[in-house]
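> Each residue of the sequence shown is one higher than the last, beginning at -9 in the numbering used here.
The beta-carbon is built from N, C-alpha and C at its ideal position, and this holds for glycine as well.
Treat the numbers as computed from the prediction; the structure is a model and nothing was measured.
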Amino acid sequence: AIETLLPLVSDLIRSEGNKVGKDIDALIADDDAYASVVKLVTCDVVARVMRQSTTGDPMSQESQSALGYSWSGTYAVPGGGVAMSLMNNERKMLGLKQQQYGVIELWHTCTE
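(1) Which residue wins for smallest C-alpha separation from Glu(-7), given the options Ala16, Val39, Lys82, Val10?
(2) Identify the continuous alpha helix (DSSP H) that holds Lys29 and give its terminal residues.
(3) Excluding the 5 residues flanking Gln54 on each side, which residues of the same chain have their C-beta closer than 7 angstroms to its C-beta?
(4) Closest to Gly85 by CA distance: which of Glu6, Asp1, Val36, Ala56 is it?
(5) Closest to Val36 by CA distance: which of Met77, Lys82, Lys87 is it?
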């Protein structure tokens, strides 16, 4: 299973790099430290996917109450699957997280 996941996760990272205009293979070739970060992220993603339960939704945290009828939970991989397993902190480590910016116009000025 790991042998199957490693190339899939590697391709996922390459694909995410392409989305933001970065050639992951070129970055790996130019920087040994970046190559190590890519390896670490790949291993982390594969390990997280391998730990997922196959019988239900993978929960990383769960809380329950009795008389108040409350329940809360945090999913280990929101959306599930390998395609959604690259977390935001891993994107930041790889330099793939783009900062978003924009302007919100709060009111429109009327001119006559």
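The structure says:
(1) Translated into the one-based positions of the sequence shown, residue -7 becomes position 3. If we check each option's Cα against that of Glu(-7), Val39 comes out closest.
(2) The sequence position of residue 29 within the sequence shown is 39, counting from 1. Counting along the chain, the alpha helix (DSSP H) containing Lys29 begins and ends at 22 to 41.
(3) Here residue 54 refers to the residue found at position 64 when the sequence shown is read from its first residue. Once the five neighbours on either side are set aside, the close Cβ partners of Gln54 are Trp61.
(4) In the sequence shown, the residue the question calls residue 85 occupies position 95. The option with the nearest alpha carbon to Gly85 is Glu6.
(5) Walking along the sequence shown from the start, residue 36 turns up at place 46. The candidate whose alpha carbon is nearest that of Val36 is Met77.
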